[in-house]
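Here is the structure we will look at, set down as structure tokens.
In the working numbering, the protein residues as written are 190 to 536.
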């Protein structure tokens, strides 16, 4: 008699996947806002626009992942913060254009679906979604044993937000003389982890649970510090001050992200002495003998969001941000470009 073969023996267990879905249903429902018309299990997520009080709404979307920070989460067997990373990264990306998040969809791919791990991941998503008033209306969990091995997995999300057309922030009015305010980060956020892992674990030979005096914590905890959301303080600022531009300092650091919102004819000078980089960055620079050019193009160096305001609005902007529990720092200014190039000079 021939031996029976099935999907589970091939490496994909539908029953376990269903168990994971049931585990997260009630959690996800806690994120629902008035626009949600569907529950988990439909072929698509439904979101009504009827409750939105906009005259000319523009939807702004962004998709991103957590990158190899997931490797650190696996090493620590701690998965309840990567969802926070994903939501906050995506929310900050659309915040740059003045958009408030409406709804979110996620994608988790792993070798084998583990309901406990999926539950922890979604717990983080739910925590951040509730804080952002953003509904988690759908997602996909894929078992791919031929693609992912062991504890490896990938985690990606899509956010859709809305902004009044006249209120879109695109940097078009930035001009020479404008000031740049930096808002502090919590750590690496979600970028630079491939280099960070090489430095800490391969080059220095440290373990995730190794306590490092300079970090005042373990390597793993320092690297897993959740990506910070800037939505609340920045929207408070937008209500009171003309915010001319915003730059989320993610992959590409200062040198690649700031030019994305600069108009023709201007460049930026960033004064690195205006703030003290977090210990995790200075330690990595030492471990890898990395120069400033590499550090400021790879990492956020302790500044996660840059805000552009006119010099006349600087004092008020600083006051508003401080009133909203931020510690803003004036980190640079806008200058006229040489040859029209949009450049970021770190001095």
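Glycine is no exception: its CB is placed at the ideal position from the N, C-alpha and C atoms. Computed from a predicted structure; not experimentally measured.
Buried versus exposed call for residue i [16 or more other C-beta atoms within 10 Å across all chains shown]
i	result
residue 243	exposed
residue 290	buried
residue 240	exposed
residue 321	buried
residue 422	buried
residue 354	exposed
residue 335	exposed
residue 383	exposed
residue 292	buried
residue 390	buried
residue 530	exposed
residue 251	buried
residue 536	exposed
residue 223	exposed
residue 230	exposed
residue 516	exposed
residue 480	exposed
residue 297	buried
residue 417	buried
residue 368	buried
residue 400	exposed
residue 366	exposed
residue 260	buried
residue 215	exposed
residue 386	buried
Sheet register partners of residue i (DSSP bridge)
i	result
residue 289	351
residue 548	Residue 548 falls outside the range modelled here, since the chain spans only 190 to 536, and no answer is possible.
residue 236	225
residue 525	455
residue 324	292
residue 346	253 and 295
residue 519	370
Element boundaries [alpha helix (DSSP H), containing residue i]
i	result
residue 472	468 to 477
residue 504	503 to 512
residue 575	Past the edges of the chain, shown from 190 to 536, lies residue 575, and the structure says nothing about it.
residue 305	304 to 321
residue 515	Counting along the chain, residue 515 falls outside any alpha helix (DSSP H), and DSSP gives it neither H nor E.
residue 446	442 to 446
residue 284	271 to 284
residue 485	481 to 487
residue 258	258 to 265
residue 384	382 to 386
Residue span of the beta strand (DSSP E) that contains residue i, given as start and end
i	result
residue 436	434 to 437
residue 253	246 to 254
residue 493	492 to 498
residue 535	533 to 535
residue 372	368 to 373
Test: residue i CB closer than 8 Å to a CB of chain B
i	result
residue 500	Annotation note: the requested chain B is absent from the structure, which comprises a single protein chain.
Three-pair Cβ contact test at 8 Å for the stretch 427 to 447 versus the stretch 339 to 348: no
The stretch 270 to 283 / the stretch 388 to 405 touching (three or more Cβ pairs under 8 Å): no
Cβ contact check for the stretch 318 to 337 and the stretch 212 to 232: 3 or more pairs under 8 Å: They touch, by the three-pair rule.
Whole runs of the alpha helix (DSSP H) within the stretch 391 to 423, excluding any shorter than 4 residues: 408 to 412
Three-pair Cβ contact test at 8 Å for the stretch 516 to 528 versus the stretch 445 to 464: yes
At least three beta-carbon pairs within less than 8 Å, the stretch 368 to 381 to the stretch 255 to 262: Counting C-beta pairs closer than 8 Å gives three or more between the stretch 368 to 381 and the stretch 255 to 262, which meets the contact rule.
Three CB pairs or more closer than 8 Å across the stretch 434 to 453 and the stretch 493 to 509: yes
The stretch 468 to 480 in contact with the stretch 442 to 450 per 3-pair CB rule at 8 Å: no
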